[in-house]
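Chains as they are written, first to last, in numbering that gives the first Met the number 0: chain A, 0 to 188; chain B, 0 to 188.
There are 2 protein chains.
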Amino acid sequence: MELAITKKQHIINTAADLFKEKGYAATSIRDLASKVGLEPSSIYSHIKSKEDLLTEICLSCATRFSNGMNEIFFQDITERKKIKALIHLHLEIAYENPASITVFNDEWKFLHEDAMAEFLESRKDYEKKFKKILTDGKKNGKFSFENEDIAFNIIIKMLSWSYVAIKKYNKESLETELTKFIIKALTEK
Amino acid sequence: MELAITKKQHIINTAADLFKEKGYAATSIRDLASKVGLEPSSIYSHIKSKEDLLTEICLSCATRFSNGMNEIFFQDITERKKIKALIHLHLEIAYENPASITVFNDEWKFLHEDAMAEFLESRKDYEKKFKKILTDGKKNGKFSFENEDIAFNIIIKMLSWSYVAIKKYNKESLETELTKFIIKALTEK
DNA sequence: TCTTTGCGAACAAATGTTCGTTTTTATGAA
DNA sequence: TTCATAAAAACGAACATTTGTTCGCAAAGA
Chain A
0 MELAITKKQH IINTAADLFK EKGYAATSIR DLASKVGLEP SSIYSHIKSK EDLLTEICLS
60 CATRFSNGMN EIFFQDITER KKIKALIHLH LEIAYENPAS ITVFNDEWKF LHEDAMAEFL
120 ESRKDYEKKF KKILTDGKKN GKFSFENEDI AFNIIIKMLS WSYVAIKKYN KESLETELTK
180 FIIKALTEK
Chain B
0 MELAITKKQH IINTAADLFK EKGYAATSIR DLASKVGLEP SSIYSHIKSK EDLLTEICLS
60 CATRFSNGMN EIFFQDITER KKIKALIHLH LEIAYENPAS ITVFNDEWKF LHEDAMAEFL
120 ESRKDYEKKF KKILTDGKKN GKFSFENEDI AFNIIIKMLS WSYVAIKKYN KESLETELTK
180 FIIKALTEK
């Protein structure tokens, strides 16, 4: 219980699996309890509320993205390399915790006030930095696109498909393929 | 009530709005009734069940895609033109019924047995034809990619972003931009 | 009149959560 | 090691709400 994983964390991970499978709203505490091997009431020895679970899942992913972005953003490398590093980051996080990242991606709208605010703020910062990289690359003549908002969102969507593709492809080949598509899409023909 | 739109259709459209906003599982018949201006029980004068609503929404979109695909697929035009026509199709459907297509995209997993089977079959057919166009284009040397499955899914994901972007961009400029990105991603650099 | 549409009350089931109590685990002195 | 004790974890029963849906009946439209 000390070396391995905390029971709370195990409950959260199981919740992520269920939220991914059935969706947040359609997953009950009883579902979760039975999958963890506890009675429903016992869950509340470890968490405050159902929404707490979602909050932990979403914000821990947000933090990972935020940290990863900051590491990349402030490096002195080309924008192309930064984009490649960001693709790598997405896949790294996805392969590490496939369920969480899917919940992070699809179920965040069920977050409540404070957690939602924190989530959105983190996302806004991520988006801002991502777009900065894109427009810098455009200024340097490395990238070619009309609208950075569209470019950003399209890339994010391509990456978010990878969360689904994890079972089918290994990390390296998926990363290679995704990188090719994204770089081609960004580059002048 | 005759020239315009049937009341059942109005209920379905309102349901689509709610399912899009709150998700299928989190939307109650009481929510729907109150938004339509009826008592909950009156809803059942028009529909069989809550899932019926989802079925109508998802399968009507599926039919539109299926018809659109067949029209394009059997034409004697280049693969590049077919892809462009498919992009156009997605945007056409999206701008016509933004709520439905979002539900179609995000909430189909709540379909039950028969409807689910029909949905999946339709989707499989669509995917098969889409991939055929891609691989034909590859054979002709027009497209360049390693894995048609990845190529297909990435394109679909880019298109699915447009369902969200509808409020921000007009159809023509969004289509132009999306087409550029997708064609570039598919074309040898 | 007959059919469609709408209503209000009620239903059984499922939901998130609380509460008091028991069981288990960790702690630290004898 | 032993035992008492405190803290943590698990339990069972119960709660108030919300859920999808049904049913008998009234109103409206054909």
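In this text, a Cβ means the ideal position worked out from N, Cα and C, and glycines have one as well.
Unbroken alpha helix (DSSP H) run spanning residue i, endpoints
i      : result
A:E174 : K170 to L185
A:F103 : P97 to D105
A:D135 : E112 to K138
A:A164 : E147 to A164
B:K7   : K6 to K21
B:T62  : K49 to F72
A:I76  : Note, A:I76: premise wrong, no alpha helix (DSSP H); not H, not E.
B:I42  : P39 to I42
B:A32  : I28 to V35
Which listed residue (the options) has its alpha carbon closest to that of residue i
i      : options                           : result
B:I132 : B:Q8, B:N69 and B:H111            : B:N69
A:N104 : A:K127, A:H89 and A:E112          : A:H89
A:T54  : A:N139, A:H111, A:E187 and A:I165 : A:H111
A:L173 : A:K128, A:E91 and A:N96           : A:E91
B:E50  : B:A93, B:D113 and B:H9            : B:D113
B:I82  : B:G136, B:D124, B:K6 and B:S59    : B:G136
A:V163 : B:N66, B:F109 and B:N152          : B:N152
B:N169 : B:I71, B:K128, B:K6 and B:E95     : B:E95
B:K6   : B:K128, B:Y43 and B:G22           : B:Y43
A:T178 : A:Y23, A:K166, A:I86 and A:F109   : A:I86
A:F109 : B:K21, B:S48 and B:I4             : B:K21
Cβ neighbours of residue i in the same chain (closer than 7 Å, five flanking residues each side left out)
i      : result
A:L52  : I11, A14 and I46
B:S159 : N104
B:T134 : E147
B:N139 : E78
B:P39  : I28, R29 and A32
B:L58  : A114, E117 and F118
B:I154 : I181
A:Y23  : L53, E106 and F109
B:A84  : I71
A:K166 : none
Residue i classed as buried or exposed, judged by whether at least 16 other C-beta atoms fall within 10 angstroms
i      : result
B:I149 : buried
B:S161 : buried
A:F118 : buried
B:F73  : exposed
A:I100 : buried
A:E145 : exposed
B:E176 : buried
A:G36  : exposed
B:K80  : exposed
B:A93  : buried
B:A61  : buried
A:I76  : exposed
B:I4   : exposed
B:I56  : buried
Chain-order list of residues whose beta-carbon lies under 8 Å from that of residue i (same chain, five-residue window excluded)
i      : result
B:D16  : K34 and A98
B:T186 : K141, F142 and S143
A:L2   : With a pLDDT of 45 at A:L2, under the threshold of 50, the modelled position of this residue cannot be trusted; read the value that follows with caution. Contacts found: none.
B:S41  : A32
B:F180 : M157
A:E171 : none
Proximal residues to residue i (C-beta, below 6 Å), its chain only, five neighbours per side dropped
i      : result
B:F18  : T26, V102 and E106
B:A184 : none
B:F129 : F151
B:Y125 : F64 and M68
A:S121 : A61 and S65
beta-carbon residue i near the ligand FAD non-hydrogen atom, thresh 8 Å
i      : result
A:Y162 : Here there are no bound small molecules, and the ligand FAD is not part of this structure.
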